[in-house]
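Colleague: Numbering-wise (my numbering), the sequence shown opens with residue 107 and increments by one. Shown below is the structure under consideration.
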Amino acid sequence: DLEKKYPGRHEVWALSGRYEEASGNEAASLTRYARAVRLHPDYLDKGSPDFLGTRIKRLNDSIFSRLTEKKKRSSLSASEGQTLDTVYFLRRRFAGGCE
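The structure is reproduced here in structure tokens:
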């Protein structure tokens, strides 16, 4: 409900990402973290009090490994392809790139 009511609030997306992560929904969690990062890049800035980079990177690396391995063996579903796009976006951000 908060995502619909406050779509431009980065805090909502970061909290939603943490909730999805705790629920074991890694892809949904990563999507929400990516939205939070788009709205508030400080989540990846080590000097920021809002830094969530360690948590996001760990999750991103885990999903990246799993999806790239699956992509080598077979094709990805549409939702897996979208998740991989999100992974690549975050990898670029971790490397210091922009959208």
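All C-beta atoms, glycine included, are put in the ideal place defined by N, C-alpha and C.
Use the C-beta contact count for arginine 141: other C-beta atoms within 10 angstroms, 16 or more gives buried, fewer gives exposed.
Modeller: Its Cβ being crowded by 16 or more others within 10 Å, arginine 141 is buried.
Colleague: Less than 8 Å between the CB atoms is what I'm expecting for leucine 136 and threonine 174, so what's the real figure, rounded?
Modeller: Contact doesn't hold; Cβ gap of about 14 Å is too wide.
Colleague: Using alpha carbons as the reference points, say which of Lys178, Leu165 and Tyr149 lies closest to glutamate 117.
Modeller: Out of Lys178, Leu165 and Tyr149, Tyr149 has the C-alpha closest to the C-alpha of glutamate 117.
Colleague: If you scan the region 126-205 from start to end, which runs of the alpha helix (DSSP H) of 4 or more residues do you find wholly inside it?
Modeller: Listed in chain order, they are 132-145, 159-179 and 184-200.
Colleague: Quick one: grab the DSSP three-state call for glycine 123.
Modeller: Looking at glycine 123 - three-state DSSP - the assignment turns out to be helix.
Colleague: Express the C-alpha separation of proline 155 and tyrosine 112 in angstroms, rounding to a whole number.
Modeller: About 22 Å.
Colleague: How should alanine 120 be labelled, buried or exposed, when 16 other C-beta atoms within 10 angstroms of its C-beta is the threshold for buried?
Modeller: Result: buried.
Colleague: Taking just the CA atoms, how far does glycine 202 sit from isoleucine 169?
Modeller: Going by the C-alpha atoms only, they are around 20 Å apart.
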